[in-house]
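Just so it is clear: in the sequence shown, position 155 is 154 by numbering that gives the first Met the number 0, and no numbers are missing.
Working notes for the structure below.
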Amino acid sequence: MDNAPFDVIVVGGGNAAMCAALSAREHGASVLMLERAAEEQRGGNSAFTGGGFRMVHNGLETVLKVVPDLSEGEIANTDFGAYTAAEYLDDLGRVTQYYCDPDLAESLVNNSTDTVQWLHGRGVRFVPRFGRYAFKHEGRFKFFGGTVVEAVGGGRGLVESEYKAAVKQGVVIRYRTQARSLVCGRGGVEGVRVVTDGEEMVLRARSVVLACGGFEANREWRTRYLGAGWDMAKVRGTRYNTGDGIRMALEAGAQSHGQWSGCHSVSWERHAPDFGDIDSRTAFSRNGYPFSIMINAEGNRFVDEGADFRNYTYAKYGRVVLQQPGSFAWHVFDAHVAHLLHDEYKSRGATKVQADTIEELVARMEDVNAPQFLQTVREYNAAIRQDVAFNPNIKDGRGTQGLAINKSNWANPLNKPPFVAYSVTCGITFTFGGLKINPATQVLDINDRPLPGLFAAGELVGGLFYYNYPGSSGLMAGAVFGRIAGREAAGHARPASS
Numbered sequence: 000m001d002n003a004p005f006d007v008i009v010v011g012g013g014n015a016a017m018c019a020a021l022s023a024r025e026h027g028a029s030v031l032m033l034e035r036a037a038e039e040q041r042g043g044n045s046a047f048t049g050g051g052f053r054m055v056h057n058g059l060e061t062v063l064k065v066v067p068d069l070s071e072g073e074i075a076n077t078d079f080g081a082y083t084a085a086e087y088l089d090d091l092g093r094v095t096q097y098y099c100d101p102d103l104a105e106s107l108v109n110n111s112t113d114t115v116q117w118l119h120g121r122g123v124r125f126v127p128r129f130g131r132y133a134f135k136h137e138g139r140f141k142f143f144g145g146t147v148v149e150a151v152g153g154g155r156g157l158v159e160s161e162y163k164a165a166v167k168q169g170v171v172i173r174y175r176t177q178a179r180s181l182v183c184g185r186g187g188v189e190g191v192r193v194v195t196d197g198e199e200m201v202l203r204a205r206s207v208v209l210a211c212g213g214f215e216a217n218r219e220w221r222t223r224y225l226g227a228g229w230d231m232a233k234v235r236g237t238r239y240n241t242g243d244g245i246r247m248a249l250e251a252g253a254q255s256h257g258q259w260s261g262c263h264s265v266s267w268e269r270h271a272p273d274f275g276d277i278d279s280r281t282a283f284s285r286n287g288y289p290f291s292i293m294i295n296a297e298g299n300r301f302v303d304e305g306a307d308f309r310n311y312t313y314a315k316y317g318r319v320v321l322q323q324p325g326s327f328a329w330h331v332f333d334a335h336v337a338h339l340l341h342d343e344y345k346s347r348g349a350t351k352v353q354a355d356t357i358e359e360l361v362a363r364m365e366d367v368n369a370p371q372f373l374q375t376v377r378e379y380n381a382a383i384r385q386d387v388a389f390n391p392n393i394k395d396g397r398g399t400q401g402l403a404i405n406k407s408n409w410a411n412p413l414n415k416p417p418f419v420a421y422s423v424t425c426g427i428t429f430t431f432g433g434l435k436i437n438p439a440t441q442v443l444d445i446n447d448r449p450l451p452g453l454f455a456a457g458e459l460v461g462g463l464f465y466y467n468y469p470g471s472s473g474l475m476a477g478a479v480f481g482r483i484a485g486r487e488a489a490g491h492a493r494p495a496s497s
């Protein structure tokens, strides 16, 4: 391995890969990054995200360390709250039904704050995340749910800042380069076989970090592992996450881990394209459902829309929509809550109908049983607890009583025109099954022993998320474990390069 031109090869081009590359460089390694996409499409799924980071924080004190230019008005009119390590761990356990790997969970939580500050120190700018995690109520913004900051420019702004830092630090990046298999020798993993511009070649290194996403863009694998019907789901992000990194590692003896039948999936515009378009200005997310009733083709509600804050339910409700007849549903609102809907509902391309009466509305709702829908609305309106005040910033307890599926919070009668409905389907974000790693991000074999020279981070890591996930913990996990992977990969390479 003395002839290896690079100490570390990082396979992937998103947030986890970038953090691995930056970290490895900071620890003295020469680094080559392999991005399957073209330069203009770089960034993986990370480029399609909102750029939010869920971290442990102590309110304003922590926020000011990564958003030092907060205005006096923002400080005076915002309650950032606080989010402790215990609360973060409890959220991870609760939403994953306590299946999450405790060692990985603790590493994610305990490194979250420092890692966001580390990114800030490398040129990533942050702002308060008012749009998703705070509503203005009685003149003041109040944050809820643990996420208080996002990267300026969202996910694309995040990865562009990371790429800028990587180039400045001397990371070599090769685009349109697809990794096909790992090169293994007596000392462990020694490089990667790739295809670039139609040519196959071997690239050697002393350590390899896999950070090239899950298998959400692979229709065959989705159907094989997630189940029937998942071939029809829309892919929210990049078309390049087809499970290559997972397959390569398994072929080299890695242990599969996590919930291979689980994924992050959301309510998504019903007639959106099959894959995400990084250059599109159209928003396809539909996240206002906690203030709606969700209706299927039979005219029935099928889920507790107000079970919890959006950031604790949105990643699992896409699956529920996919399971409905025709794999679609409608979010129905009236004028009581229309002002709470984000711009995604106003974007061009939304499948939207509006009317001044409920009867006119359902007549315009494609493929919905109108008589049953009207009965559902009557029963829902009559079941609401009118003695409890509506408050979008807390789980207000304004629910329903006596329905087959009660709504737990934020229930308002549908009786104030105009009425509006949006049609949604399932959009898949990333898959939960992947490779088993230890807290040092070493990929483990079937006997739980590290495969020498192989590390992993990001969406292809299994064992952290099951059934659901807390919003904005995906980017956070990618950054935390990417940073660790870069450090550990550099350390593994160092004895050979010294």
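We treat Cβ as the ideally placed atom computed from N, Cα and C, and that holds for glycine.
None of these values were measured; they are calculated from a predicted model.
Counting only the Cα atoms, Arg-179 lies some 30 Å from Ala-314. Each of Trp-259, Phe-308, Gly-153 and Arg-205 was checked against the Cα of Gly-432, and the nearest Cα belongs to Trp-259. When secondary structure is reduced to three states using DSSP, Thr-176 falls in the strand class.
For the region 303-380, the continuous beta strand (DSSP E) assignments of 3+ residues that do not extend past its boundaries occur at 328-332 and 351-354, in sequence order.
Looking at the DSSP output, Tyr-82 shares a beta bridge with His-56. The criterion of a C-beta distance shorter than 7 Å is satisfied by Asn-44 and Gly-236. Contact annotation: Ser-255 and Val-320 have beta-carbon atoms that are not nearer than 7 Å.
Here Asp-303 has Ile-404, Asn-405, Lys-406 and Ser-407 as same chain residues with Cβ atoms under 7 Å from its own Cβ, once five neighbours each way along the sequence are excluded.
Under the three-state reduction of DSSP output, Thr-112 falls in the helix class. Counting only runs of at least 3 residues, the region 391-469 fully encloses the following beta strand (DSSP E) elements, listed from N- to C-terminal order: 418-430, 441-443 and 449-455. Burial of His-491 is indicated by the presence of at least 16 other C-beta atoms within 10 angstroms of its C-beta.
Three or more beta-carbon pairs separated by less than 8 Å link the region 364-372 to the region 295-311, which places the two stretches in contact.
A residue is called buried when at least 16 other Cβ atoms come within 10 angstroms of its Cβ; Asn-446 does not meet this threshold and is exposed. Under the DSSP assignment, Asp-6 falls in the beta strand (DSSP E) whose first and last residues are 5-10.
Scanning its chain for C-beta atoms nearer than 7 Å, with the 5 sequence neighbours on each side dropped, one finds around Ala-349 the residues Glu-268 and Tyr-421, in chain order. Between Arg-35 and Thr-176, the beta carbon gap of about 7 Å places them in contact (Cβ cut-off 8 Å). Distance from the CA of Phe-214 to the CA of Ser-471, rounded to the nearest whole angstrom, comes to 20 Å. The residue from Gly-305, Asn-286 and Cys-183 with its alpha-carbon nearest to that of Leu-249 is Cys-183. Taking each of Met-54, Ala-306, Lys-415 and Trp-229 in turn and checking the Cα distance to Arg-318, the smallest one comes out for Trp-229. Residue burial is scored here from C-beta neighbours: His-136 has fewer than 16 other C-beta atoms within 10 angstroms and is therefore classed as exposed. Under the three-state reduction of DSSP output, Ser-106 falls in the helix class. In the structure shown, Trp-229 falls within a helical segment according to DSSP collapsed to helix, strand and coil. Excluding five sequence positions before and after Thr-77, the CB atoms of its chain that fall closer than 6 Å to its own CB belong to Phe-140, given in chain order. In this chain, the beta strand (DSSP E) harbouring Val-126 covers 125-127. Val-234 and Gly-426 have their C-alpha atoms spaced approximately 6 Å apart.
The three-state secondary structure of Glu-34, taken from DSSP, is coil. When secondary structure is reduced to three states using DSSP, Gly-13 falls in the coil class, being assigned neither helix nor strand. Take the alpha-carbon of Leu-107 and the one of Arg-363: they are about 47 Å apart. At the C-beta level, Val-10 and Ala-20 stay beyond 7 Å of one another. Looking at Asn-217, Thr-195, Thr-61 and Val-94, the one whose alpha-carbon comes closest to that of Tyr-82 is Thr-61. When rounded, the separation of the alpha-carbon atoms in Ala-85 and Val-115 is 18 Å. For Ile-74, the closest of Tyr-87, Gly-58, Asp-89 and Leu-88 by C-alpha to C-alpha distance is Gly-58.
Per the DSSP secondary-structure output, Leu-209 pairs in a beta bridge with Val-10 and Ala-455. The closest CA to that of Lys-394, considering only Cys-211, Tyr-311 and Ala-15, is found on Tyr-311.
Remark: C-beta atoms of Val-194 and Met-32 do not approach each other more closely than 7 Å.
Under the DSSP assignment, Ser-264 falls in the beta strand (DSSP E) whose first and last residues are 262-268.
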